[in-house]
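Residue numbers (numbering that gives the first Met the number 0), protein chains in the order written: chain A, 0 to 335; chain B, 0 to 335.
We treat Cβ as the ideally placed atom computed from N, Cα and C, and that holds for glycine.
A quick note: this is a predicted structure, and the numbers were derived from the prediction, not measured.
Protein chains: 2
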Amino acid sequence: MTKPRNDETVTMQSVAVAAGVSPMTVSNTFRYPERVQEETRQRVLKIASELGYVPNHAAGNLASGQSRVIGAVIPSIKNSSFYNYVRGMQDRVTSQGYQLILKLADTVNQEAAAIRTFVGLRVAGIALVGDEHEMDALTLLRKTGTPVVESWVYNNPFDMAVGYSTADATHAITSLLIETGRQRIGFVAYDSDVSRRYTERVPVFKRCVERAGLGSHRIVLVDEADGFSAGAKALERLCAIDPDVDAIICPTDIVAAGVLFECGRRGWKVPDRLAVAGWGDYEIASEITPGITTLQPHTYEMGQRAMTMIMERASGIDHRGVSHDTGFQVLRRESA
Amino acid sequence: MTKPRNDETVTMQSVAVAAGVSPMTVSNTFRYPERVQEETRQRVLKIASELGYVPNHAAGNLASGQSRVIGAVIPSIKNSSFYNYVRGMQDRVTSQGYQLILKLADTVNQEAAAIRTFVGLRVAGIALVGDEHEMDALTLLRKTGTPVVESWVYNNPFDMAVGYSTADATHAITSLLIETGRQRIGFVAYDSDVSRRYTERVPVFKRCVERAGLGSHRIVLVDEADGFSAGAKALERLCAIDPDVDAIICPTDIVAAGVLFECGRRGWKVPDRLAVAGWGDYEIASEITPGITTLQPHTYEMGQRAMTMIMERASGIDHRGVSHDTGFQVLRRESA
DNA sequence: TCTTCGCTTTGTAGCGCTACAATATTCTGC
DNA sequence: GCAGAATATTGTAGCGCTACAAAGCGAAGA
Chain A
0 MTKPRNDETV TMQSVAVAAG VSPMTVSNTF RYPERVQEET RQRVLKIASE
50 LGYVPNHAAG NLASGQSRVI GAVIPSIKNS SFYNYVRGMQ DRVTSQGYQL
100 ILKLADTVNQ EAAAIRTFVG LRVAGIALVG DEHEMDALTL LRKTGTPVVE
150 SWVYNNPFDM AVGYSTADAT HAITSLLIET GRQRIGFVAY DSDVSRRYTE
200 RVPVFKRCVE RAGLGSHRIV LVDEADGFSA GAKALERLCA IDPDVDAIIC
250 PTDIVAAGVL FECGRRGWKV PDRLAVAGWG DYEIASEITP GITTLQPHTY
300 EMGQRAMTMI MERASGIDHR GVSHDTGFQV LRRESA
Chain B
0 MTKPRNDETV TMQSVAVAAG VSPMTVSNTF RYPERVQEET RQRVLKIASE
50 LGYVPNHAAG NLASGQSRVI GAVIPSIKNS SFYNYVRGMQ DRVTSQGYQL
100 ILKLADTVNQ EAAAIRTFVG LRVAGIALVG DEHEMDALTL LRKTGTPVVE
150 SWVYNNPFDM AVGYSTADAT HAITSLLIET GRQRIGFVAY DSDVSRRYTE
200 RVPVFKRCVE RAGLGSHRIV LVDEADGFSA GAKALERLCA IDPDVDAIIC
250 PTDIVAAGVL FECGRRGWKV PDRLAVAGWG DYEIASEITP GITTLQPHTY
300 EMGQRAMTMI MERASGIDHR GVSHDTGFQV LRRESA
């Protein structure tokens, strides 16, 4: 024996004895209810709940080699960026009898640790954000064959992906500013080891403004994308390049809101003095005055789709190598 | 046999064979490194990483009856309210070789489902927010003896608790407004089935203003505490009771920010026309102009403490029935 | 040389559950 | 009433890991 014996522990065995059936019938009652006669099922369920029995996932997982738990790694919950994404995942998953568990990871290393935990738990699949991951973690995922979906990305999926075209999106938002007559458009770039996905936007922006005959040198870098204070810094740095900058494209609505706050402090009118564009359609974008013109990715659908892909893998439908496009939308509000 | 055989699967056994040691040595290498000679340990580790071996938690958990995974149920990630709390938990836990997994639950029912998942996973402990839980879930926790910490609450812990005195905090923030000469103080209450903890504040507020000889009828209810739009609604409703209301105490900084946005739309000067107090020290409180006067609970410490309590339980230190006070602080800024 | 002692390593025996095959039971149709 | 089909239930044999006790093995002391 392995475990310090505890006679109190309610096992499938004890439920079976109490209900006068075999353990397998109890097992079937929970996993394949349709295999058990209604009457028997009710009896087992009643006894089980009286005894406070909860099937031991660890044991079930071990025995079946299958798991109904899916792991998702989320970069941050600092602001609401992932709210709808998580909601989408959660909603999709529970309707199928699966469960979603989350881990936060700010850096590639933390992400790798999270992946190891999930693999250790032998989850049914893992949802990652972005396409920058630690080499070792990927090797592990490949070796164990764990289904993986990358979100927010679209090209060259490691396994499966769901997202939208950053290039198209950058093009759309930049074009909007150009079309509304802005001449000195600034761009706020963000780069971190977990979020390389932001950097893709820079060359697209450049190409876009250059094709319109505008300068493409108004680019500054900030070191966080989910803090308001980055907005102030970004504006400051942009003014150092060009004090007459007349538009700014931010990596997130949070940064855009930060810019708005800073404009407030400077007494700048938005959008007259400066047009501000955000990204992500965070709640604050619609609530703040002026409302922030932003790019809305369909994150809820993204979350749902990610889960669908993982769950379908379990039922035999193989999406390996598939990228799903959930599209985006430009939401025009007062700020630009 | 149970599982469709897969010769690819790397088990402790296969690592043991490859390293020329017994499975137990491999097990010890991971669980009790100090029991294995350095040289042997290195060899095992090397082989394990070459083979892409990740210990199967499910099996280990089953065999040992112990788990190094702790589950936390978070009401929402819609805004940053729980950011520092989660960070505190995460930081504390990883330094001890534990892992934290999260589940989101907006309602008591979802919380109960999350608890069931965690219990099914046989986690080492569960961290809950607030003290309103589903009866069945509690019974289950009691029966299985899972260590549970409730956060944000202080009285009558179900098992263990870590939080601060809502009464003292409400008293502190109300007193601040009274002391600065406000006469027509409004209070925004919030009530939902998961967040009864907000309702405690109402009677304290009443007592407080009454003792100062002020009216205690300026109380309105909103139906969400983490959305900016609640701020506009709250102010509207408060004005219906008293158009000359001169101060407002909000359930969260998000609602307070919403009030600020609404003041902006109305052209009301803050704090001249209206003093606004928030709760929670969300990032926006310090970034928005004017800065929001708020109540800062020490959420990071709360998260850390919660994990400590759970992990200590595993090592024999029993905190059953213990409540830990992490205190709070009133942060005075421009809005009040 | 023989014990004794401390450190390492290794069998053994399950942990609680499920796939699968086999068996038991009920239901058809004639 | 009975063969044969359909449905329900039940043993068996592990899944991959770890607690525990027992065994191996040098070094130091007698």
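Is residue i helix, strand or coil when you go by DSSP?
{"i": "Ser322 of chain A", "result": "strand"}
{"i": "Val92 of chain A", "result": "helix"}
{"i": "Ser21 of chain B", "result": "coil"}
{"i": "Arg4 of chain A", "result": "With a pLDDT of 47 at Arg4 of chain A, under the threshold of 50, the predicted position of this residue should be treated as unreliable, and no value is reported."}
{"i": "Pro202 of chain A", "result": "helix"}
{"i": "Ala123 of chain A", "result": "coil"}
{"i": "Pro32 of chain A", "result": "helix"}
{"i": "Tyr82 of chain A", "result": "helix"}
{"i": "Phe186 of chain B", "result": "strand"}
{"i": "Gln328 of chain B", "result": "strand"}
{"i": "Glu49 of chain A", "result": "helix"}
{"i": "Thr138 of chain A", "result": "helix"}
{"i": "Leu44 of chain A", "result": "helix"}
{"i": "Gln65 of chain B", "result": "coil"}
{"i": "Ala274 of chain B", "result": "strand"}
{"i": "Val161 of chain A", "result": "strand"}
Nearest chain A C-beta to residue i closer than 8 Å, yes or no?
{"i": "His297 of chain B", "result": "no"}
{"i": "Arg183 of chain B", "result": "no"}
{"i": "Ala160 of chain B", "result": "no"}
{"i": "Lys268 of chain B", "result": "no"}
{"i": "Lys205 of chain B", "result": "no"}
{"i": "Leu61 of chain B", "result": "yes"}
{"i": "Gln12 of chain B", "result": "no"}
{"i": "Arg115 of chain B", "result": "yes"}
{"i": "Ile100 of chain B", "result": "yes"}
Does residue i get closer than 8 Å to chain B when you measure Cβ to Cβ?
{"i": "Ser191 of chain A", "result": "no"}
{"i": "Pro54 of chain A", "result": "yes"}
{"i": "Glu282 of chain A", "result": "yes"}
{"i": "Gly315 of chain A", "result": "no"}
{"i": "Ile291 of chain A", "result": "no"}
{"i": "Ala58 of chain A", "result": "yes"}
{"i": "Gly124 of chain A", "result": "no"}
{"i": "Gln303 of chain A", "result": "no"}
{"i": "Lys142 of chain A", "result": "yes"}
{"i": "Leu330 of chain A", "result": "no"}
I want to verify the contact list: residues of chain B whose CB lies under 8 Å from the CB of residue i, in sequence order.
{"i": "Asn27 of chain A", "result": "The contacting residues do not exist; Asn27 of chain A stays about 15 Å from chain B at best."}
{"i": "Gly263 of chain A", "result": "Thr288"}
From the options, pick the residue whose C-alpha is nearest to that of residue i; which is it?
{"i": "Ala166 of chain A", "options": "A:Gly70, A:Tyr153, A:Tyr281 and A:Glu178", "result": "A:Tyr153"}
{"i": "Gly129 of chain A", "options": "A:Asn83, A:Pro74 and A:Val221", "result": "A:Pro74"}
{"i": "Met306 of chain A", "options": "A:Arg236, A:His132, A:Gln12 and A:Gly87", "result": "A:Gly87"}
{"i": "Trp267 of chain B", "options": "B:Pro289, B:Ala123 and B:Tyr84", "result": "B:Pro289"}
{"i": "Asp135 of chain A", "options": "B:Gly214, B:Val122, B:Leu50 and B:Met159", "result": "B:Leu50"}
{"i": "Met11 of chain A", "options": "A:Ala313, A:Pro54 and A:Asp252", "result": "A:Pro54"}
{"i": "Ala313 of chain B", "options": "B:Ala112, B:Gly144, B:Gly257 and B:Val219", "result": "B:Gly144"}
{"i": "Gly212 of chain A", "options": "A:Arg30, A:Ala239, A:Lys77 and A:Ile184", "result": "A:Ile184"}
{"i": "Gly257 of chain B", "options": "B:Phe227, B:Ala274, B:Ser48 and B:Glu235", "result": "B:Phe227"}
{"i": "Arg319 of chain A", "options": "A:Asn83, A:Arg141, A:Leu120 and A:Glu33", "result": "A:Arg141"}
Listing by chain order, which chain B residues have their CB less than 9 Å from the CB of residue i?
{"i": "Gly257 of chain A", "result": "Glu286"}
What in chain A is Cβ-close to residue i, meaning under 8 Å?
{"i": "Val232 of chain B", "result": "Per the sequence shown, the amino acid found at residue 232 of chain B is Lys instead of Val. The premise fails here: Lys232 of chain B is roughly 12 Å from chain A at the closest Cβ pair, so nothing lies under 8 Å."}
{"i": "Val118 of chain B", "result": "Val53"}
{"i": "Val85 of chain B", "result": "Ile76 and Leu103"}
{"i": "Arg312 of chain B", "result": "The premise fails here: Arg312 of chain B is roughly 15 Å from chain A at the closest Cβ pair, so nothing lies under 8 Å."}
{"i": "Gln89 of chain B", "result": "Leu103"}
{"i": "Arg121 of chain B", "result": "Asn55, His56 and Ala57"}
What in chain A is Cβ-close to residue i, meaning under 7 Å?
{"i": "Ser228 of chain B", "result": "Glu286"}
{"i": "Phe260 of chain B", "result": "Glu286, Ile287 and Thr288"}
Report the neighbours of residue i on chain B: residues whose CB is nearer than 7 Å to its CB, in chain order.
{"i": "Leu139 of chain A", "result": "Gly51 and Val53"}
contact_flag[the segment 289-301 of chain A, the segment 93-106 of chain A] where n(CB pairs < 8 Å) is 3 or more: no
Cβ contact check for the segment 160-174 of chain B and the segment 194-204 of chain B: 3 or more pairs under 8 Å: yes
The segment 315-335 of chain B contacting the segment 168-179 of chain B, beta-carbon criterion three pairs below 8 Å: yes
Three or more C-beta pairs below 8 Å linking the segment 277-284 of chain A and the segment 56-69 of chain A: no
Cβ contact (3+ pairs, closer than 8 Å) linking the segment 23-37 of chain B and the segment 20-28 of chain A: no
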